[in-house]
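Taking this note's numbering as reference, the numbering of the sequence shown is continuous, increasing by one, and the terminal residue is 132.
Ideal Cβ positions, reconstructed from N, Cα and C, are used throughout, including at glycine.
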Amino acid sequence: MDPVVKKHFHSLSERMLEKDLCRLIEPYSFVQIDHIANRIGIDRAKVEKKLSQMILDKKFSGSLHQGDGMLIVYDVIPTDVTYEMALETIHAMGEVVDALYYRASKLR
């Protein structure tokens, strides 16, 4: 197989696996990894590896409990933009205070 085609094929199959996993785990808050692997028809180790990669890439919010073989899916908590805007305002005010201090020191 051509290396370029092989690379694109691998990328496409990984994205399709991610979409399938997301679709499969969507209705659950707790689900056994074996159940997911059986539903997709892929070995447990590959599913577990892909789920951990997806968690680290923030494709969904969850954690793997390897002792019980469970995937715990968390609800997505919406981010509060007020906090981010307050931080930006504080940073901008700090720059204003620094500029005023610089101008005041020139007057002396």
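Exercise. Residue range of the alpha helix (DSSP H) that Q77 falls in?
Worked result: Residues R68 to L80.
Exercise. Is the region 60 to 80 in contact with the region 113 to 128, if contact means three or more CB pairs nearer than 8 Å?
Worked result: In short, these stretches do not touch, since the Cβ pair count stays below three.
For this session: Pick out whichever of M25, K83 and Y98 has its Cα sitting closest to the Cα of V55.
Result: Answer by Cα proximity: Y98.
Problem set entry | G86 in three-state terms, based on DSSP | For G86, the secondary structure class from DSSP, reduced to helix, strand or coil, is strand.
Problem set entry | Span of the beta strand (DSSP E) around V97 | From DSSP, the beta strand (DSSP E) with V97 extends over M94 to V97.
Exercise. When you compare only the Cα positions, how much space is there between Y125 and E119?
Worked result: C-alpha of Y125 to C-alpha of E119: approximately 10 Å in a straight line.
Problem set entry | When Y52, H59, L36 and V29 are compared against I96, the one with the closest alpha-carbon | Closest option to I96, Cα to Cα, is Y52.
Exercise. Helix or strand or just coil, what does DSSP make of V120?
Worked result: Residue state, collapsed to three classes: helix.
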